[in-house]
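Asks: Could you have a look at this structure, given as structure tokens, before my questions?
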Amino acid sequence: MWEFAVQKDSSHAVLITGSTSGIGLAMAHCFGRAGYQVMLHGLADQDSAQALLAEFARYGSHNGFSDADLSTEEGCAQLVRDTREAVGNPSVLINNAGIQFTAPAHDFPAQKWQQILSINLSAGFFLSRDLLPAMRAANWGRIINIASVHGLVASEHKAAYCAAKHGLIGLTKVLALENADCNITANAICPGWVETPLIQPQIEAISREQQLDLEAARAQLVGAKQPMAKASRPEAIGELALYLCGDFASTITGASLPVDGGWTAQ
Ligand SMILES: NC(=O)c1ccc[n+]([C@@H]2O[C@H](COP(=O)([O-])OP(=O)(O)OC[C@H]3O[C@@H](n4cnc5c(N)ncnc54)[C@H](O)[C@@H]3O)[C@@H](O)[C@H]2O)c1
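If you're matching positions, the sequence shown starts at 4 in this note's numbering and goes up one per residue.
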């Protein structure tokens, strides 16, 4: 006989950091469609936040929004408070908010290093630390960390990003071990190139430097690393995250799952 962990029901809430844009927004729509209460979050003004909440009203669930700045521990604590107030304790936490800055290590500004480590790594730790006790008490939970292929391999000029994403994968494994007794899984998703605003500056830089049109620059950027020279759709990351919350994924934990067109198979 199959034994499944206690399954989430439609009243469960998911907190998705950085869900005003890109991968986070696409994931939020996947979870909204699946019946979750969605706690939206990201840097957005009031009008954009209201518009976003109005957009999610179509799913018929009670959702919330916070614009807490995740670059400090206090900002993370604020997000926890806002989340509890809007949707209660989330049974699913998706640490997705992230930023990028590229420069050679010998020329990397200290402020950018600190900012990337804070948002891309420390915020995931603080939020997990503060939300895990309620998941443990409920004997069910999911932590999904949106890492990157740069948590598995390196690229030049991404010292802080690679350090943070490698760190996030280490954190994921520790959380998986520590919470295996409570039906809580922790996994990392490691995208290669995904069609979002985050990669746009890199496409524009190639276009400028090599005098290529934007489409040719995009193909050059993606094909330089991925045997499949096409970027993944953000919804693909959302559907994988949703799968990780389902019964069949109840024993997938501590894993780092690439969605990368073969990038890390090389
Ligand atoms: N786009 C890609 O190709 C790609 C590839 C691999 C991994 N990723 C990872 O996926 C995640 C999402 O990337 P994306 O491409 O959707 O990015 P994006 O730039 O479209 O969205 C980033 C989100 O993070 C939020 N954010 C940024 N700084 C913040 C701060 N200080 N406090 C709170 N929120 C903040 C933004 O408001 C936004 O909602 C990131 O962790 C990124 O490293 C992206």
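C-beta: ideal position from N, C-alpha, C; glycine also. Everything numeric in this text was worked out from a predicted model, so none of it was measured.
Using 10 angstroms around the beta-carbon of Ala268, count the other beta-carbons present and answer buried if the total reaches 16, otherwise exposed.
Replies: Classification for Ala268: exposed.
Asks: Could you tell me the distance, in whole angstroms, from the CA atom of Gly265 to the CA atom of Phe128?
Replies: Each residue's Cα considered, the two are about 29 angstroms apart.
Asks: Do you know how far the Cα of Glu218 is from the Cα of Ala183?
Replies: Rounded to the nearest angstrom, the two C-alpha atoms are 45 angstroms apart.
Asks: Buried or exposed for Phe68, going by 16 or more other Cβ atoms inside 10 Å?
Replies: So Phe68 counts as buried.
Asks: CB-CB under 7 angstroms to Leu245, same chain, minus the five flanking residues each way: which ones, in chain order?
Replies: Cys33, Phe34 and Ala37.
Asks: Assuming Met42 is part of the alpha helix (DSSP H), what are its boundary residues?
Replies: First-last for Met42: Gln40 to His44, but that is the beta strand (DSSP E), not the alpha helix (DSSP H).
Asks: Which value, in whole angstroms, describes the spacing of the CA atoms of His15 and Thr86?
Replies: In a straight line, the C-alpha of His15 is about 13 angstroms away from that of Thr86.
Asks: Give the C-beta separation of Ser235 and Val197 to the nearest angstrom, bearing in mind that I take them to be a contact with Cβ-Cβ under 8 angstroms.
Replies: At roughly 5 angstroms, the Cβ-Cβ gap stays under 8 angstroms, so Ser235 and Val197 are in contact.
Asks: Does the Cβ of Asp250 lie closer than 6 angstroms to at least one heavy atom of ligand 1?
Replies: No; taking the cut-off as 6 angstroms, the Cβ of Asp250 has no heavy atom of ligand 1 nearer than that.
Asks: Check whether the Cβ of Asn99 sits closer than 6 angstroms to any heavy atom of ligand 1, and report yes or no.
Replies: Answer for Asn99: yes, Cβ within range of ligand 1.
Asks: When you compare the CB of Ile192 with every CB in chain C, is at least one pair closer than 7 angstroms?
Replies: No chain C appears in this structure, which consists of one protein chain only.
Asks: Can you list, in chain order, the residues of its chain whose CB lies under 8 angstroms from that of Val83, leaving out five sequence neighbours each side?
Replies: Only Leu130, Asp133 and Leu134 meet the Cβ criterion.
Asks: Would the beta-carbon of Leu217 be found less than 6 angstroms away from any heavy atom of ligand 3?
Replies: By its list of ligands, the structure shown excludes ligand 3, since it contains just ligand 1.
Asks: Hey, how far is the Cα of Leu215 from the Cα of Ile209?
Replies: Rounded to whole angstroms, Leu215 to Ile209 spans 7 angstroms at the Cα level.
Asks: Mind checking whether the beta-carbon of Leu201 lies closer than 6 angstroms to any heavy atom of ligand 1?
Replies: Leu201: yes, Cβ under 6 angstroms from ligand 1.
Asks: For the putative contact between His160 and Pro204, defined by C-beta atoms under 8 angstroms, what is the C-beta separation to the nearest angstrom?
Replies: Actually they do not touch by this definition, with Cβ atoms about 13 angstroms apart.
Asks: Using only alpha-carbon positions, find the residue among Ile206, Pro112 and Trp143 that is nearest to Ser253.
Replies: Ser253 has its Cα closest to that of Trp143, out of Ile206, Pro112 and Trp143.
Asks: At a cut of 8 angstroms, does the segment 56-68 reach the segment 109-121 through at least three beta carbon pairs?
Replies: As far as the Cβ criterion goes, the segment 56-68 does not touch the segment 109-121, which means the pair count is below three.
Asks: Quick one: residues in its chain with C-beta nearer than 8 angstroms to the C-beta of Ala80, no 5 flanking neighbours on either side, listed in chain order?
Replies: So the qualifying residues of the chain are Phe129 and Asp133.
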